[in-house]
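Heads up, the thing below is written out as structure tokens.
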Amino acid sequence: MRGKFKIENRISLRVKSLRPYLFYKIAKAKEKALASSKELIDLGAGDPDLFPQKKIIETLRAQALKPENHRHPVYEGIMELKVAIAEWFSNRFRVKLNPRDEILILGGSKEGLGLIPWAILNPNEIALVPDPGYPVYHRSVLLSGGKPVFFPLIKENNWLPDLDKIKVSFKSKLIFLNYPNNPTGAVPDLSFFEKLFEFAQKNKIVVCNDMAYSEITFDGKKSHSFLEIEGAKEIGLEFFSFSKTYSMTGWRIGFAVGDKRLIDALREIKVTLSSGVFHLTQKGALSALSLPQKEIDKIRKVYQQRRDVLVKGLKELGWRPEVPQGAIFVWAKIPFSLDSEKMAMMLLEKGGILTTPGIGLGKSGKDYIRFSLTSPVEKIKEGLKRMERIRL
Ligand SMILES: *Cc1c(COP(=O)(O)O)cnc(C)c1O
Numbered sequence: 023m024r025g026k027f028k029i030e031n032r033i034s035l036r037v038k039s040l041r042p043y044l045f046y047k048i049a050k051a052k053e054k055a056l057a058s059s060k061e062l063i064d065l066g067a068g069d070p071d072l073f074p075q076k077k078i079i080e081t082l083r084a085q086a087l088k089p090e091n092h093r094h095p096v097y098e099g100i101m102e103l104k105v106a107i108a109e110w111f112s113n114r115f116r117v118k119l120n121p122r123d124e125i126l127i128l129g130g131s132k133e134g135l136g137l138i139p140w141a142i143l144n145p146n147e148i149a150l151v152p153d154p155g156y157p158v159y160h161r162s163v164l165l166s167g168g169k170p171v172f173f174p175l176i177k178e179n180n181w182l183p184d185l186d187k188i189k190v191s192f193k194s195k196l197i198f199l200n201y202p203n204n205p206t207g208a209v210p211d212l213s214f215f216e217k218l219f220e221f222a223q224k225n226k227i228v229v230c231n232d233m234a235y236s237e238i239t240f241d242g243k244k245s246h247s248f249l250e251i252e253g254a255k256e257i258g259l260e261f262f263s264f265s266k267t268y269s270m271t272g273w274r275i276g277f278a279v280g281d282k283r284l285i286d287a288l289r290e291i292k293v294t295l296s297s298g299v300f301h302l303t304q305k306g307a308l309s310a311l312s313l314p315q316k317e318i319d320k321i322r323k324v325y326q327q328r329r330d331v332l333v334k335g336l337k338e339l340g341w342r343p344e345v346p347q348g349a350i351f352v353w354a355k356i357p358f359s360l361d362s363e364k365m366a367m368m369l370l371e372k373g374g375i376l377t378t379p380g381i382g383l384g385k386s387g388k389d390y391i392r393f394s395l396t397s398p399v400e401k402i403k404e405g406l407k408r409m410e411r412i413r414l
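Residue 287 in the working numbering sits at position 265 of the sequence shown; the count goes up by one each step and never skips.
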């Protein structure tokens, strides 16, 4: 029997308030381009092409044979992993965390970033969101019934927000930040986090810093944690990920650290909507944390070399790319009168080069292309050659 009503009208306004998820669109464009048999240069999504270290894979394999790992996972994460994270955090940032209640294991940091607005915002309350930025922030705010208010990241300010110019009201409760930054590659000094702390205190705003790229920094620069600021742990959370540092995007594991009350609230939402993270994955993450520092240095070097090749090549083609200090992207202003979507389409259709149009990361990205560093140097060089051939 035919339906008696329009099912489209039964879909919530919540869903309709979203535009199609950018990276889903890009994945579809990629499938289409691959089907056309042209060899694709993939500088699109931030999905590392490297392989996780052997030790991590071996842990996974060995742990798979243990029956206890296949039961329902511990909701907040296994203690062993949380203790290892506390130790790592203390060595890395000189910040003490209580593994019992200041750490929550997540199914990818995205899970936490997506759920945190539900834990903090009442209907129509405001989250401050960076433009350009990872689309999950404003989308999860919209879904939760809150209101995203964008603030610009400004080149003249080294891609940091001008905190004095951010308009706040009594409804502003949450600010998202992401350093090392996707897409601009900015890595701030500790002095920025001091100012951020003052701003947040003064305006009673919870800070959520997305640290997905905490370990991927260049030229000897190291990222800082917001929690290094005295008192910051009481008003904020930070989200970390195993995806990028250890090339484990498919594993879906990350963690949140910070104030106990915020962690409790986030956990309450998490245990309702999902469950714990598969124990095999958690054991794999534990193994990743025990890798010697030189393994991380190797990964940094790989991305830095790719960055250098891409930045140099783009400059030779007349572009003026930002030189990223961290993360795995080059943010480059388009040197022609083409908007980002047209430019990305042209790169894909004429050159077989997959990139991300800046507009997908926010209004202020409309004249930018984001190139990711997730293809080997030879592929990047090939991509640059193709760009030259199609006179870009
Ligand atoms: C990739 C990415 C994430 C997601 O990381 P997962 O741990 O895989 O969920 C979060 N934030 C930013 C800025 C990213 O680029």
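Heads up, the beta-carbon is just placed ideally off N, CA and C, and yes, glycines get one too.
Nothing here was measured: the structure is a model prediction, and the numbers come from that model.
- By a beta-carbon distance limit of 8 angstroms, G66 does not contact S362. Their separation comes to about 13 angstroms.
- When beta bridges are read from the DSSP output, K169 appears opposite I148.
- Setting aside the 5 residues that flank it on each side, I318 is surrounded in the same chain by E237 and T267, each with a C-beta closer than 7 angstroms to its C-beta; the list follows chain order.
- Here G380 really is in contact with Y390; their C-beta atoms are around 3 angstroms apart, less than 8 angstroms.
- Apart from the 5 residues on each side of it in sequence, H92 sits with its Cβ closer than 8 angstroms to the Cβ of H301 in its chain, given in chain order.
- In the DSSP assignment, Y156 falls outside any alpha helix (DSSP H), carrying neither H nor E.
- For ligand 1, a non-hydrogen atom lies closer than 7 angstroms to the CB of S131.
- According to the DSSP assignment, N113 belongs to the alpha helix (DSSP H) that extends over M101 to F115.
- Taking the Cα positions, R83 is about 30 angstroms away from T294.
- Under the three-state reduction of DSSP output, L128 falls in the strand class.
- Apart from sequence neighbours up to five positions away, the residues of its chain that approach G99 with a beta-carbon distance below 6 angstroms are I127, ordered along the chain.
- When the alpha-carbon of M270 is set against those of A208, R114, L135 and Q304, the nearest one is in Q304.
- Listed as beta-bridge partners of E260 by DSSP are N231 and V279.
- With respect to the 8 angstroms criterion, Y235 and G384 are not classified as neighbours on the basis of their beta carbons.
- In the three-state reduction of the DSSP assignment, W140 falls in the helix class, which pools H, G and I.
- Residue pairing of A354 in beta bridges, as defined by DSSP: P343 and I391.
- Ranked by Cα distance from R274, the options N146, R116, Y97 and G130 are led by G130.
- The alpha-carbon of P70 is positioned some 24 angstroms away from that of F198.
- Counting the other Cβ atoms within 10 Å of the Cβ of I356 gives 16 or more, which makes it buried.
- Just measuring C-alpha positions, the residue of L308, F248 and S34 sitting nearest W110 is L308.
- Under DSSP, N200 forms a beta bridge with D232.
- The alpha carbon of P157 has as its nearest neighbour, out of R408, N146, P145 and F172, the alpha carbon of F172.
- Within the model, the alpha-carbon separation for I188 versus Y201 is close to 18 angstroms.
- Counting along the chain, the unbroken alpha helix (DSSP H) around D330 starts and ends at Q315 to E338.
- Each residue's CA atom was taken as its position, placing S112 and R283 some 21 angstroms apart.
- For the options K407, G387, G382 and V399, the alpha carbon positioned closest to that of Y46 is the one of G382.
- In the three-state scheme derived from DSSP, where H, G and I count as helix and E and B as strand, G348 is classed as strand.
- Partner residues in the beta bridge of I63, as assigned by DSSP, are I375.
- A residue is called buried when at least 16 other Cβ atoms come within 10 angstroms of its Cβ; Q75 meets this threshold and is buried.
- Segment contact: the region 142-150 against the region 167-186, three or more CB-CB distances shorter than 8 angstroms; contact assigned.
- In the DSSP annotation of this structure, H92 is not part of any alpha helix (DSSP H), being labelled neither H nor E.
- At a threshold of 7 angstroms, S265 counts as near ligand 1, since its beta carbon sits closer than that to one of the ligand's heavy atoms.
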